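Which chain is which? The protein sequence lines are A and B, in order.
Residues 5 to 262 (the numbering used here) make up the first sequence, in order.
Residues 303 to 500 (the numbering used here) make up the second sequence, in order.
Contents: one structure, followed by commentary.
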Amino acid sequence: MIKKPSRLLKIDGDAVVKEALRRIEQPSRRLFLRRSLSLGGLSLLTGCTIVDDESVENALMKVSRFNDKVQGWLFDPKQLAPTYPESMITRPFPFNAYYGEDKIPRVDADSYRLDVSGLVADRHAWTLAELQALPQSDQVTRHICVEGWSAIGKWGGVTFSSFLARVGADTSAKYVGFKCADDYYTSIDMPTALHPQTQLTLTYDGQTLPPRYGFPMKLRMPTKLGYKNPKYIQAIFVTNTYPGGYWEDQGYNWFGGS
Amino acid sequence: MTAATLTIHPVWLRATHWLNALAVVIMTMSGWRIYNASPLFDFKFAKEITLGGWLGGAIQWHFAAMWLLAANGLVYLLCNVGTGRIVRKFFPLSPRAIIADLLAAFRGQLSHADLRQYNAVQRAAYLFAIVDAVLLVLSGLVLWKSVQFPLLRELLGGYEGARLVHFFAMAAMVAFVMVHLAMTAMVPRTLLAMIRGR
């Protein structure tokens, strides 16, 4: 198990919100502002040279929140993502993260525990063996990256809705949040969490999920873009408090559906 | 003559034209930045002509301006069909007429005496722009929500097919805009007409 600050393992809503607010104040956030407005085209387009950075970004963020709502409304819980024959699997399947391959976290299988918290009846931490003992299924689906590229892969694991039922999750809650061994974090809406193709993934292409694809566990959602599919998951929590996400807090759309 | 008879473009047309121009510029420039994140072909667009700064910013612009493009486009189409303008202005139209007017244009013999009358090349070009914009919106819808629109996705050749359609429809729109601007520069009265209506 990777040594981590304990706050990452014990999730509470307030801490998550505080963390999100802290990130918003970060210099990188300012940099995003400056970068997004450094183009000469904007002044050309609007016909004025003084554009209020803050107000432009706020307006765009508001539209992004509106787009979350529209996507939630468009989301059909029964609509399945297309599946493909194994011959169409992209080989090699690309590695993708906010860091390079040399920074892939190595999680120790024996000491691994999946922390489950928030609005759930059963909060016991799961061992890998316990997760592997649950009913498993496979899917060959298309992973679509926010950058535009896509790749077909084969993932196997536990249907997430059955896992949520098993831990007695309050499925009327709004969000399911994830904390990962690589400091990545994200959150999804409950309807997507309950979608039949949303999977707690333990294998890739019939083999134990390799470190580059998220060992010991990732969440696979063919109905969402790549950055919504967290790898190296250590903690899952059910909440009504918006948990945000690593990229989402920097400006990526939260719903991120496809 | 009354003001009404002098009007070349009604106010709804001018409003939707300029809002559409704004939407197309934002969509194209932010779209180029999104393209750069994972280029389909062996080139990237220069950062200076893109909008959004980074991928997340470009996507915010793109997915905000899409509402302007779609809503304004819908108003334009409804007004155009509802007033019967689309029939009056764009038809009849035949390949023969387009070729004849194209040849006349190259010889400098096209008349621009009455700007209310579109010649056959204009008719074809504007109809092309309308159809291309619809294709951009539909292929964009597949890229945005490929799972939620299965029929549209399959019609456009799947997610990757829709990417190609979206790219080439963009290229066609950019080509249209360049020709459109060049033509306007040659007959500047058309620009005035699109601003003040006469």
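We put the CB at the ideal spot given by N, CA and C, even for glycine.
From a predicted model like this one, the values you see are computed outputs, not experimental measurements.
Residue i, buried or exposed, once every other Cβ within 10 Å from all chains shown has been counted against 16
i	result
PRO247 of chain A	buried
PRO139 of chain A	exposed
GLU252 of chain A	buried
PRO490 of chain B	exposed
TRP77 of chain A	exposed
TYR256 of chain A	buried
SER42 of chain A	The predicted model places SER42 of chain A with a pLDDT of 48, which falls under 50 and marks its position as unreliable, so this point remains unresolved.
MET225 of chain A	buried
PHE79 of chain A	buried
HIS414 of chain B	exposed
Neighbouring residues, chain A, relative to residue i (Cβ below 9 Å)
i	result
ILE401 of chain B	Correct list: empty, because the minimum Cβ distance to chain A is about 37 Å.
ILE388 of chain B	Simply none; closest approach about 29 Å.
Same chain only: Cβ atoms within 8 Å of residue i, ignoring 5 sequence neighbours per side
i	result
ALA495 of chain B	ILE310, HIS311, LEU417
LEU453 of chain B	none
TYR179 of chain A	SER191, ILE192, ASP193, MET194, VAL242, THR243, ASN244, THR245, TYR246, PRO247
VAL481 of chain B	ALA427
ASN71 of chain A	ASN257, PHE259
Contacts that residue i makes with chain B (C-beta to C-beta distance below 9 Å)
i	result
ASN257 of chain A	GLY358, ILE361, GLN362, PHE365
SER262 of chain A	LEU445, TRP446, LYS447, SER448, VAL449, GLN450, TYR461
7 Å CB neighbourhood of residue i in its chain, flanking five on each side removed
i	result
ARG465 of chain B	LEU342, LEU445
ASP492 of chain B	For the record, residue 492 of chain B in the displayed sequence is Thr; it is not Asp. The residues are LEU417, THR486.
HIS364 of chain B	MET329, SER332, GLY333, ILE336
ARG117 of chain A	ALA129, TRP130, THR131
GLY359 of chain B	none
Cβ shell of residue i (< 6 Å), same chain only, five flanking positions each side left out
i	result
TYR217 of chain A	TYR208
ALA367 of chain B	ALA325, ILE328, MET329
PHE97 of chain A	ALA155, GLY157
ASN322 of chain B	ASN374
TYR88 of chain A	VAL144, ILE156
MET92 of chain A	ILE156
LEU357 of chain B	ALA339
LYS235 of chain A	GLY218, LYS222
VAL467 of chain B	SER441, LEU458
Contact belief for residue i with residue j at Cβ below 8 Å, rounded distance in angstroms
i	j	result
LEU370 of chain B	ALA407 of chain B	That belief does not hold up - the Cβ atoms of LEU370 of chain B and ALA407 of chain B are roughly 32 Å apart, past 8 Å.
THR352 of chain B	ASN374 of chain B	Between ASN374 of chain B and THR352 of chain B the Cβ distance is about 22 Å, and since that is not below 8 Å, they are no contact.
PRO3 of chain A	ASP186 of chain A	Within the shown structure, residues of chain A are numbered from 5 to 262, placing residue 3 of chain A beyond reach of any answer.
THR205 of chain A	GLY261 of chain A	With a Cβ gap of about 19 Å, THR205 of chain A and GLY261 of chain A do not count as contacting.
Amino acids of chain A, ordered along the chain, whose beta-carbon sits closer than 7 Å to that of residue i
i	result
ARG465 of chain B	GLY152
ILE497 of chain B	Chain A residues near ILE497 of chain B: none, gap ~14 Å exceeds 7 Å.
ILE336 of chain B	GLY152
Neighbour list for residue i in chain A, Cβ cutoff strictly below 8 Å
i	result
ALA373 of chain B	Within chain A, no residue comes near ALA373 of chain B; the closest Cβ sits about 13 Å away, beyond 8 Å.
SER340 of chain B	CYS149, GLU151, GLY152, TRP153
Contacts of residue i in chain B (Cβ-Cβ under 7 Å)
i	result
ARG146 of chain A	TYR461
The stretch 454-468 of chain B in contact with the stretch 426-443 of chain B per 3-pair CB rule at 8 Å: Contact between the stretch 454-468 of chain B and the stretch 426-443 of chain B is present, because at least three Cβ pairs lie under 8 Å.
Cβ contact check for the stretch 76-86 of chain A and the stretch 195-206 of chain A: 3 or more pairs under 8 Å: Verdict: yes, contact present.
Stretch pair the stretch 421-432 of chain B + the stretch 387-401 of chain B: three plus CB contacts closer than 8 Å: Yes, the stretch 421-432 of chain B is in contact with the stretch 387-401 of chain B.
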